[in-house]
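Numbering follows full-length UniProt numbering, in which position 81 of the sequence shown is assigned residue number 171; successive positions increment by one, without gaps.
Yeah, the Cβ is synthetic: ideal placement off N, Cα and C, and Gly gets one too.
Below is one structure, written out as structure tokens, with a few remarks after it.
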Amino acid sequence: SERTLGLIKPDAFLKVGKIVDAIYKDGFRVAQLRTLQLTRRDAMEFYAEHEGKPFYPALTEFMSSGPIVAMELVADGAIQKWRKLIGPTNTFTAQKEAPSSLRALFGTDGTRNACHGSDSTASADRELGFFFGSPSRF
Ligand code: ATP
């Protein structure tokens, strides 16, 4: 099985119950879960690949604006499976194209889109390290 980092972003923090419910219904295991709040500096480091893009200031402001939930999700094909469950990046696109996705249900707009998922095994390793230090042995 594969591991990925799932985040519940600040706009969906109060929906953690419903989101974790959907995660189990879809057949994931949750190996680690923590709540935390990023500093602006943490958010800038986490999203360093987007530095210089027009949405980077708003993104890092948003991601440090309140509590988030970080999860280590385990399943066969977890990376693609989680990206499918959360849906298209833009909440409004998600509402049109994937109305039962988590971003459609719980997102706010283009930047405040409820959830994040790693996009490759390399980014999953980096992002799990960022939030948990290392993958769980369990
Ligand atoms: P994530 O990495 O959060 O799963 P993603 O991989 O679908 O999202 P990325 O292109 O990696 O999208 O962008 C990272 C985040 O930056 C998005 O989730 C969203 O919050 C924000 N973002 C991306 N593109 C835009 C945009 N065009 N306008 C505003 N915000 C954006």
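Item, Value
"For alanine 204, which of helix, strand or coil comes out of DSSP?", "coil"
"According to DSSP, simplified to helix, strand and coil, what is glycine 96?", "strand"
"Rounded to whole angstroms, what is the Cα-Cα separation between alanine 102 and isoleucine 176?", "12 angstroms"
"Which residues does DSSP pair with threonine 125 in a beta bridge?", "Val159"
"Based on Cα-Cα distance, which residue from Asp111, Glu92 and Leu128 lies nearest to phenylalanine 221?", "Leu128"
"Any heavy atom of ligand 1 within a distance shorter than 8 angstroms of the CB on arginine 202?", "yes"
"Going by DSSP, what residue range makes up the alpha helix (DSSP H) through glutamate 151?", "146-153"
"Nearest by alpha-carbon distance to alanine 160: which of Gly167, Ala121, Gln185 and Lys174 is it?", "Ala121"
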